[in-house]
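Going by this note's numbering, 141 is the number at position 141 of the sequence shown; the sequence numbering is gapless. Where a beta carbon is used, it is the ideal one built from N, C-alpha and C, also for glycine.
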Amino acid sequence: MVARMFGELFITLGVVMLLFVSYQLWWTNVQADASADAAGSRLEQQWATQQPVPPGGTAPKPAGAFEPGQGFAILHIPKLDLKYPIAEGTGKQQVLDKGLVGHYTGTAMPSDAAGNFAIAAHRTTHGQPFRKIGQLVPGDKIVVETATTFYTYEVAGGIPETPPTNVGVIQPVPKGSPFTQPGRYITLTTCTPEFSARGRLIQFGKLVGEQPRSQGEPEALSGRQ
């Protein structure tokens, strides 16, 4: 009887663990993808209906004045066929677990004259937006789309793994990057190795193009390069 009870207990625990793993690896992706798609659609609809500012009128909310969890841009990485909304902050429940890319509050915005636009996202579970960013190599393009402008960055290097405590990578001139003086940069961060939060995988990029949305998509997205 005791052996049978222990056997049934282990079977039950095994089923519970299997369900938990299925939830983490599959269902969180389903939920997060749906949430991210909805957030992206809301942004695009908002931009499509946004009225130009008349002479003497009030300008739209300035970049950097967004509330935590508020979407304000869309990230495109053509090589990875990646397109995800960017929201303010890097809180798990409010941003990352919803399948969004999070902007490190306090770091630069793409429109700033200089600084580091630092962003983060999950590599596994919850939509896993940054699952494949380790495949990026120097020369690959990253595009950030805002309400008014496309900002095109070029990957310049990265760090395969660094401790989570290494906040130097999100400084205005990111430490560990190829950059040595102020400029307009982007830094992507995510957990590594896969299925672990032991370290952080980093990719660095430098702004190489800026184009109003009224002129259409930049070459990095239109496939002309």
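Assign Pro178 to one of two classes, buried (16 or more other C-beta atoms within 10 Å of its C-beta) or exposed (fewer than that). Residue 178 sits at position 178 when you count from the first residue of the sequence shown. Per the 10 Å Cβ criterion, exposed.
Run through DSSP, which three-state label would Pro78 get? As a position in the sequence shown, residue 78 is number 78, starting the count at 1. In this structure, Pro78 counts as helix in the three-state DSSP scheme.
Relative to the C-alpha of Gly69, which residue among Phe130, Gln50, Gly99 is closest? Looking up residue 69 in the sequence shown gives position 69. For Gly69, the nearest C-alpha among the options comes from Gly99.
Can you tell me where the alpha helix (DSSP H) with Glu219 in it begins and where it stops? For the purposes of this step, residue 219 is identified with residue 219 of the sequence shown, where counting begins at 1. Per DSSP, the unbroken alpha helix (DSSP H) holding Glu219 starts and ends at 219-222.
Sorted by chain position, which residues of the same chain lie with C-beta nearer than 7 Å to Pro212's C-beta, five sequence neighbours on each side aside? Start at 1 with the first residue of the sequence shown, and residue 212 comes out as number 212. The beta carbon of Pro212 lies closer than 7 Å to those of Thr148, Thr149 in the same chain, with the five residues before and after it left out.
Using a Cβ-Cβ cut-off of 6 Å (strictly less than) and excluding sequence neighbours within five positions of Leu226, which residues of its own chain qualify? As shown, the chain starts at 1 and ends at 225. That puts residue 226 outside it, with no answer to give.
Measuring straight from C-alpha to C-alpha, what distance separates Pro84 and Val143? Start at 1 with the first residue of the sequence shown, and residue 84 comes out as number 84. Start at 1 with the first residue of the sequence shown, and residue 143 comes out as number 143. In the sequence on display, residue 84 carries Tyr and not Pro. Between Tyr84 and Val143, the alpha-carbon positions lie close to 11 Å from each other.
Which complete alpha helix (DSSP H) runs does the region 94-158 hold, if anything under 4 residues is left out? Listed in chain order, nothing qualifies, since the region 94-158 has no complete alpha helix (DSSP H) run of 4 or more residues.
Might you give, ordered along the chain, the residues of its own chain that have their beta carbon closer than 8 Å to the beta carbon of Asp97, omitting 5 neighbours on each side? The residue labelled residue 97 in the question sits at position 97 within the sequence shown. Cβ-Cβ distances below 8 Å link Asp97 to Thr28, Ala32, His122, His126 in the same chain, with the five nearest sequence neighbours on each side left out; the list follows chain order.
Under three-state DSSP, which class holds Glu67? As a first step, residue 67 is located in the sequence shown; it is residue number 67 there, counting from the start. In this structure, Glu67 counts as coil in the three-state DSSP scheme.
Compare the Cα-Cα distances from Ile202 to each of Thr190, Ser196, Thr105 and report the closest residue. Here the question's residue 202 lines up with position 202 in the sequence shown. Distances from the alpha-carbon of Ile202 to those of Thr190, Ser196, Thr105 put Thr190 closest.
DSSP puts Lys206 in a beta bridge; with which residues? On the sequence shown, residue 206 is found 206 positions in, with the first residue counted as 1. In DSSP, Lys206 forms a bridge with Glu154, Tyr185.
Three-state secondary structure assigned by DSSP to Gly216: Working through the sequence shown from its first residue, we reach residue 216 at position 216. The three-state reading of DSSP puts Gly216 in coil, since its state is none of H, G, I, E or B.
Check whether Gly115 and Gly102 have beta carbons under 8 Å apart: On the sequence shown, position 115 is the one that residue 115 refers to. On the sequence shown, position 102 is the one that residue 102 refers to. Gly115 places its beta carbon 8 Å or farther from that of Gly102.
Let me know if Arg42 comes out buried or exposed under the rule of 16 or more other beta-carbons within 10 Å of its beta-carbon. Translated into the one-based positions of the sequence shown, residue 42 becomes position 42. Exposed, since its Cβ has fewer than 16 Cβ neighbours within 10 Å.
Reducing DSSP to helix, strand and coil, say where Gly176 ends up. By one-based count along the sequence shown, residue 176 stands at place 176. In the structure shown, Gly176 sits in coil (DSSP, three-state: anything other than H, G, I, E or B).
Per DSSP, Lys83 forms a beta bridge with which residues? Here residue 83 refers to the residue found at position 83 of the sequence shown. According to DSSP, which records beta bridges pairwise, Lys83 is partnered with His76.
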